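**Student:** The structure's right below; bear with me while I get my questions together.
Protein chains: 2
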Amino acid sequence: MYFDSHIHSEGLGFSELKTMSSAGIKKAITLAFYPVKPLYPQTFVDMFRKLMEFETKRCKEAGIDVYPAVGIHPRCIPPKYEFVVNYMDENDWFAFGEIGLETASREEVEVLKSQLRVAKQNDVPCIIHTPRSNKREITMKTLEILKELSFPGELTVIDHVNFDSLEVVLKADYWIGLTVQPGKLKPEDAARIVDTHGTERFMLNSDAGFSDSDYTAVAKAARLIEGRLGSEADKVVYRNAKKFLRI
Amino acid sequence: MYFDSHIHSEGLGFSELKTMSSAGIKKAITLAFYPVKPLYPQTFVDMFRKLMEFETKRCKEAGIDVYPAVGIHPRCIPPKYEFVVNYMDENDWFAFGEIGLETASREEVEVLKSQLRVAKQNDVPCIIHTPRSNKREITMKTLEILKELSFPGELTVIDHVNFDSLEVVLKADYWIGLTVQPGKLKPEDAARIVDTHGTERFMLNSDAGFSDSDYTAVAKAARLIEGRLGSEADKVVYRNAKKFLRI
Chain X
792 MYFDSHIHSE GLGFSELKTM SSAGIKKAIT LAFYPVKPLY PQTFVDMFRK
842 LMEFETKRCK EAGIDVYPAV GIHPRCIPPK YEFVVNYMDE NDWFAFGEIG
892 LETASREEVE VLKSQLRVAK QNDVPCIIHT PRSNKREITM KTLEILKELS
942 FPGELTVIDH VNFDSLEVVL KADYWIGLTV QPGKLKPEDA ARIVDTHGTE
992 RFMLNSDAGF SDSDYTAVAK AARLIEGRLG SEADKVVYRN AKKFLRI
Chain U
792 MYFDSHIHSE GLGFSELKTM SSAGIKKAIT LAFYPVKPLY PQTFVDMFRK
842 LMEFETKRCK EAGIDVYPAV GIHPRCIPPK YEFVVNYMDE NDWFAFGEIG
892 LETASREEVE VLKSQLRVAK QNDVPCIIHT PRSNKREITM KTLEILKELS
942 FPGELTVIDH VNFDSLEVVL KADYWIGLTV QPGKLKPEDA ARIVDTHGTE
992 RFMLNSDAGF SDSDYTAVAK AARLIEGRLG SEADKVVYRN AKKFLRI
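Line order of the protein sequences matches chains X and U. Read the first sequence against the working numbering and you will find it ends at 1038, with the numbers running on by one and no gaps. Read the second sequence against the working numbering and you will find it ends at 1038, with the numbers running on by one and no gaps.
Below, the structure written as structure tokens:
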């Protein structure tokens, strides 16, 4: 059984979800993202309801238990974003995500901090996006913000960590998300990182969703890591994500 | 080249869209639908923007030209629906859809009429949903409303027509949508209807999208019809939908 800790199930078709399940991916976190910048904060509330009520059911029918994460991605901050953060504060959730910084603009920092404050207050695990561009620099800025807010390590995954950012993230005390996908890490890259740094802090994901992606990438990487580590691989391919989500 | 006159591309994954394109489906109308009943009318505005700006681009990359239809489906009428209808009135669109009646409640009739009035005023083609339950009765009620508003025949597809409703729809003067899908019409059913009633008024669709569906159903039915009618099949499998949309 594999756990894909970061997908956007809304962008995946039913037959693709079935293929993921057949490949062994039985659990996944499905994260909030809106592929155009919304004009209205209300759109997020209905999107979160769609994730919680519809996507969970659709994915279950296809053979995957999905756990929605809700939040405002830095690339789709709406006007009056406080409306969304209040809704996040007033309800119960598995996790917040993806949240984080893309360019580290003042607005992005403000929106991230306001979501982290609600998460800390309500004890909600957070999946923290890091961008493609200026990966190391923006990751360092993100780590500073988490430190400034004394944000709990066990509630945090720093996601899309790659060879540019691995060193700085390893120094901090958070979960680490390895995104296996053409253009990001190869299955062999993920296996090599786990070989070198152990199984305690890593979880695997595909970021599969709205674009052309290899939605079984986690299964490929998982089989490779299992081949090298045997049952010790379970942590990376399943148990760490489960523990992080507290399910 | 085939034209699928009714899909919900938002529910289809990239690899599924590529498979449709490889099967010959090069154009499609992608229709508005929200899989939970939205709490806010603003959600529709962002959904329409997603269809127009993002889905067109995503489907194009997968090899399909999609033409979005926008509107309020009778199963997802939001509070203050006038906000949505005003937005539909203030902008240019390829088509409205899917709109129509599910149970023919007073609210559904009001919402359908208000959208048809805007469509007539602005000369916008409309794709009219008919339900699974009470198909014939609700279809007759829908035809009455169209007649009452003197709604132009060339701007109307009555969709999901089956053997229960075919006779009443044939008497009126509208385009007829045949939905080929397990549980709806089989490819052989569609071929038989076209054999009997000619190629002038029919177009094929799959209604593929959010649920487990045969997304290449139109290609299967189209090949069957081509085998029987040769180039005359073009109308049903491609040209009628193109003419209806005026593209």
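We put the CB at the ideal spot given by N, CA and C, even for glycine. These numbers come from a predicted model, not from an experiment.
Specify, as a first and last residue, the run of the alpha helix (DSSP H) that threonine 811 (chain U) falls within.
**Tutor:** The question names threonine, but residue 811 (chain U) is methionine in the sequence shown. Looking at the DSSP string, the run of the alpha helix (DSSP H) that includes methionine 811 (chain U) is 805 to 813.
**Student:** Note the first and the last residue of the continuous beta strand (DSSP E) segment covering histidine 797 (chain X).
**Tutor:** Counting along the chain, the beta strand (DSSP E) containing histidine 797 (chain X) begins and ends at 793 to 798.
**Student:** Using a Cβ-Cβ cut-off of 7 Å, state whether aspartate 837 (chain U) counts as contacting chain X.
**Tutor:** Interface residue, yes.
**Student:** How about the region 1011 to 1028 of chain X and the region 825 to 833 of chain X: do they share at least three Cβ pairs that are nearer than 8 Å?
**Tutor:** The answer is no - the region 825 to 833 of chain X does not touch the region 1011 to 1028 of chain X, with fewer than three Cβ pairs under 8 Å.
**Student:** Where do the N-terminal and C-terminal ends of the beta strand (DSSP E) with histidine 951 (chain X) fall, by residue?
**Tutor:** That residue, histidine 951 (chain X), is in no beta strand (DSSP E); it is neither H nor E in DSSP.
**Student:** So tyrosine 1067 (chain X) and glutamate 807 (chain X) are supposed to be a Cβ contact under 8 Å. How far apart are they, rounded?
**Tutor:** Beyond the ends of chain X as shown, which are 792 and 1038, falls residue 1067 (chain X); an answer cannot be given.
**Student:** Expressed to the nearest angstrom, what Euclidean distance is found between the alpha-carbon atoms of serine 956 (chain U) and aspartate 964 (chain U)?
**Tutor:** Approximately 14 Å, taken between the alpha carbons.
**Student:** Taking only beta-carbon positions, decide if proline 826 (chain X) is within less than 7 Å of chain U.
**Tutor:** Judged by the 7 Å Cβ criterion, proline 826 (chain X) is in contact with chain U.
**Student:** In this structure, does DSSP put serine 988 (chain U) in helix, strand or coil?
**Tutor:** A small fix is needed here, since residue 988 (chain U) is histidine in this sequence, not serine. Histidine 988 (chain U) falls in the helix class under three-state DSSP.
**Student:** Along the alpha helix (DSSP H) that carries glycine 1018 (chain X), what are the first and last residues, could you check?
**Tutor:** Looking at the DSSP string, the run of the alpha helix (DSSP H) that includes glycine 1018 (chain X) is 1008 to 1020.
**Student:** Considering just the uninterrupted stretch of the beta strand (DSSP E) at alanine 860 (chain X), what are its terminal residues?
**Tutor:** Taken as a continuous stretch (DSSP letters only), the beta strand (DSSP E) holding alanine 860 (chain X) covers 856 to 861.
**Student:** Just tell me which of X:Leu842, X:Ser997, X:Lys828 and X:Glu846 has its CA closest to the CA of methionine 838 (chain U).
**Tutor:** Cα-wise, what sits closest to methionine 838 (chain U) is X:Lys828.
**Student:** Give the straight-line distance between the Cα atoms of serine 796 (chain U) and arginine 897 (chain U), rounded to the nearest whole angstrom.
**Tutor:** Looking at the two C-alpha atoms, the distance is approximately 28 Å.
**Student:** For leucine 969 (chain U) versus alanine 981 (chain U), is the C-beta spacing smaller than 7 Å?
**Tutor:** In contact: leucine 969 (chain U) and alanine 981 (chain U) (Cβ atoms closer than 7 Å).
**Student:** What first and last residue would you give for the beta strand (DSSP E) that runs through methionine 994 (chain U)?
**Tutor:** Its beta strand (DSSP E) spans residues 993 to 996.
**Student:** Among U:Ile929, U:Met879 and U:Ile868, which residue has its Cα nearest to the Cα of threonine 894 (chain U)?
**Tutor:** Closest by alpha carbon: U:Ile929.
**Student:** Do glutamate 1023 (chain X) and threonine 990 (chain X) count as a contact pair if the criterion is CB distance below 7 Å?
**Tutor:** Yes. Within cutoff.
**Student:** Leaving out the 5 sequence neighbours to the left and right, which residues in its chain are closer than 6 Å to alanine 819 (chain U) when beta-carbon positions are compared?
**Tutor:** Same-chain partners within the cutoff: Asp795, Ile798, Ile855 and Val857.
**Student:** Rounded C-beta distance between phenylalanine 1035 (chain X) and proline 916 (chain X)? I'm assuming under 8 Å.
**Tutor:** Confirmed, about 6 Å.
**Student:** Using a Cβ-Cβ cut-off of 8 Å (strictly less than) and excluding sequence neighbours within five positions of glutamate 846 (chain U), which residues of its own chain qualify?
**Tutor:** The answer, listed in chain order, is Ser800, Glu801, Thr821, Val857 and Pro859.
**Student:** With H, G and I counted as helix, E and B as strand and the rest as coil, what does DSSP make of glycine 968 (chain X)?
**Tutor:** Here glycine 968 (chain X) sits in strand by DSSP.
**Student:** Taking the beta carbon of arginine 992 (chain U) as the centre, do at least 16 other beta carbons fall within 10 Å, making it buried, or is it exposed?
**Tutor:** Flag for arginine 992 (chain U) reads buried.
**Student:** Can you give the Cα-Cα distance for glycine 815 (chain U) and phenylalanine 805 (chain U), rounded to whole angstroms?
**Tutor:** One C-alpha to the other measures close to 16 Å.
**Student:** Mind checking whether leucine 892 (chain X) and proline 865 (chain X) have CB atoms under 7 Å apart?
**Tutor:** Closer than 7 Å, so yes.
**Student:** Under 7 Å, do valine 960 (chain X) and valine 952 (chain X) count as touching if we go by C-beta distance?
**Tutor:** Yes, the Cβ-Cβ distance between valine 960 (chain X) and valine 952 (chain X) is below 7 Å.
**Student:** According to DSSP, which residues form a beta bridge with histidine 920 (chain U)?
**Tutor:** Note: histidine 920 (chain U) sits in a beta bridge opposite U:Gly891.
**Student:** Which residues in chain U have a C-beta closer than 8 Å to the C-beta of aspartate 964 (chain X)? List them in chain order.
**Tutor:** The premise fails here: aspartate 964 (chain X) is roughly 37 Å from chain U at the closest Cβ pair, so nothing lies under 8 Å.
**Student:** Please confirm whether isoleucine 918 (chain U) and aspartate 950 (chain U) have their CB atoms less than 7 Å apart.
**Tutor:** A contact, by the Cβ cut-off of 7 Å.
**Student:** Name, going along the chain, the residues of the region 993 to 1017 of chain X whose beta-carbon falls closer than 8 Å to a beta-carbon of chain U.
**Tutor:** For the region 993 to 1017 of chain X, which is checked against every Cβ of chain U, the residues closer than 8 Å are Phe1001, Ser1002, Asp1003, Ser1004 and Tyr1006.
**Student:** Would you mind reading off the limits of the alpha helix (DSSP H) that contains isoleucine 822 (chain X)?
**Tutor:** Going by the sequence as given, residue 822 (chain X) is leucine instead of isoleucine. No alpha helix (DSSP H) holds leucine 822 (chain X); the beta strand (DSSP E) holding it covers 816 to 822.
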